[in-house]
Amino acid sequence: MGVAVIKLKNPPVNSLSLEVLTEFVISLEKLENDKTFRGVIVTSDCPGIFSAGLDLTEMCGKSQAHYAEYWRAVQELWLRLYLSNLVLIAAINGVSPAGGCLMSLTCDYRVLADNPKYNMGLNETLLGIVAPSWFKDTLVNTVGHRTAERALQLGLLFPPAEALRVGMVDQVVPEDQVHSTALSVMAQWLAVPDHARQLTKNLMRKPTADRLVKQRDADIQYFLRFISRDSIQKSLRVYLDKLRQKKG
Ligand SMILES: CC/C=C\C/C=C\C/C=C\C=C\CC(=O)SCCNC(=O)CCNC(=O)[C@H](O)C(C)(C)COP(=O)(O)OP(=O)(O)OC[C@H]1O[C@@H](n2cnc3c(N)ncnc32)[C@H](O)[C@@H]1OP(=O)(O)O
156 MGVAVIKLKN
166 PPVNSLSLEV
176 LTEFVISLEK
186 LENDKTFRGV
196 IVTSDCPGIF
206 SAGLDLTEMC
216 GKSQAHYAEY
226 WRAVQELWLR
236 LYLSNLVLIA
246 AINGVSPAGG
256 CLMSLTCDYR
266 VLADNPKYNM
276 GLNETLLGIV
286 APSWFKDTLV
296 NTVGHRTAER
306 ALQLGLLFPP
316 AEALRVGMVD
326 QVVPEDQVHS
336 TALSVMAQWL
346 AVPDHARQLT
356 KNLMRKPTAD
366 RLVKQRDADI
376 QYFLRFISRD
386 SIQKSLRVYL
396 DKLRQKKG
């Protein structure tokens, strides 16, 4: 039925490095241009981890030019996913904080494995950083304003039952059924004529995407100023050190 699977593979935690973001955009573009494909299942090849989100090492101790290139790549992937003409289904087979969660929120449907460790949410505030307005918009469009307001301020990571309750995911299923469920949901979505579904998706999503498109450069400048602050760099270093020391 013309369904591709994109399996994220950047061990150990599928962080969204510049290389991963770039490759993801290229793969998506190829699939968009190949008319034999109508749908994509986005999933992970790293056991227990869907994606650890944006790669913190790309945002820490690097040059301004690097931050700008990285942020443009983050914007690009979000825009491509959010406005994709393909049916995108996230088969979430692991934990998905921050950018990992955001990636799944750009999909048309989310199936999450029922494992209490597989938390998801936009936890940026816990790192001492702030989810940009378009991250916030994506969450609001999925779970509504009040739930998003509380989740964003507290940096909440929802376990599967809670994620389902607030509407962050559409289905929670046993871990060994995530892929088969994604496939049967895909069949349902592909039963709708493409042109009607695509125009409807565009109608729902374009106003949100346009807000970023209209101010992409300003958003990059804002990110540069924010991420270059000493206090933010310090927060990120402390957070990364904590992650590294967990093992020791
Ligand atoms: C108004 C505002 C305007 C502008 C906006 C400005 C700023 C916004 C900026 C940024 C937005 C960012 C969004 C993000 O996505 S930030 C990333 C958030 N991610 C997390 O908090 C997840 C952190 N990771 C974890 O919690 C865990 O690693 C785990 C649960 C995913 C997996 O746990 P494990 O026990 O299996 O693995 P670990 O031992 O913890 O990690 C292994 C290895 O990987 C490194 N690592 C983990 N996560 C990341 C990451 N996100 N980036 C880079 N590296 C990561 C970890 O340090 C370990 O490294 P070592 O092997 O010790 O070297």
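Under my numbering, the sequence shown has 390 at position 235, and the numbering climbs by one with no breaks. For each residue, glycine too, the CB sits at the ideal point set by N, CA and C. Please read all numbers here as calculations on a predicted model, not as lab measurements.
Decide if residue i is buried, meaning its Cβ has at least 16 other Cβ atoms within 10 Å, or exposed.
i, result
"PRO252", "buried"
"LEU354", "exposed"
"GLU184", "exposed"
"PRO315", "buried"
"GLN343", "exposed"
"ALA351", "exposed"
"GLY255", "buried"
Assuming residue i contacts residue j (C-beta within less than 8 Å), just tell me the rounded distance between them.
i, j, result
"LEU379", "TYR222", "5 Å"
"ALA228", "LEU173", "6 Å"
"ILE412", "ARG265", "Because the chain in this structure spans residues 156 to 403, residue 412 falls outside the shown range and cannot be described."
"ALA318", "LEU234", "So it is not a contact: roughly 25 Å between Cβ atoms."
"ALA236", "TRP289", "With the sequence shown as reference, residue 236 is identified as Leu, and Ala is not the correct amino acid for it. Contact flag wrong, Cβ pair sits at about 12 Å."
"GLU153", "GLY310", "Given that the chain is displayed from residue 156 to residue 403, the structure contains no residue 153 and the question cannot be resolved."
With DSSP run on the structure shown, which of helix, strand or coil describes residue i?
i, result
"PRO252", "strand"
"THR198", "strand"
"ARG366", "helix"
"PHE192", "coil"
"MET275", "strand"
"PHE290", "helix"
"LYS162", "strand"
"ILE387", "helix"
"VAL242", "strand"
"LEU379", "helix"
"ILE181", "helix"
Look at the alpha carbon of residue i and the alpha carbon of residue j, and state the distance between them as a whole number of angstroms.
i, j, result
"MET156", "PHE192", "8 Å"
"VAL158", "ASP385", "46 Å"
"VAL180", "LEU232", "6 Å"
"VAL327", "LEU209", "24 Å"
"ASP269", "VAL175", "27 Å"
"ILE244", "VAL393", "35 Å"
"ILE375", "LEU238", "20 Å"
From the DSSP output, read off the bridge partner residues of residue i.
i, result
"GLN326", "VAL266"
"ILE247", "LEU267"
"LEU209", "LEU171"
"ILE204", "VAL250"
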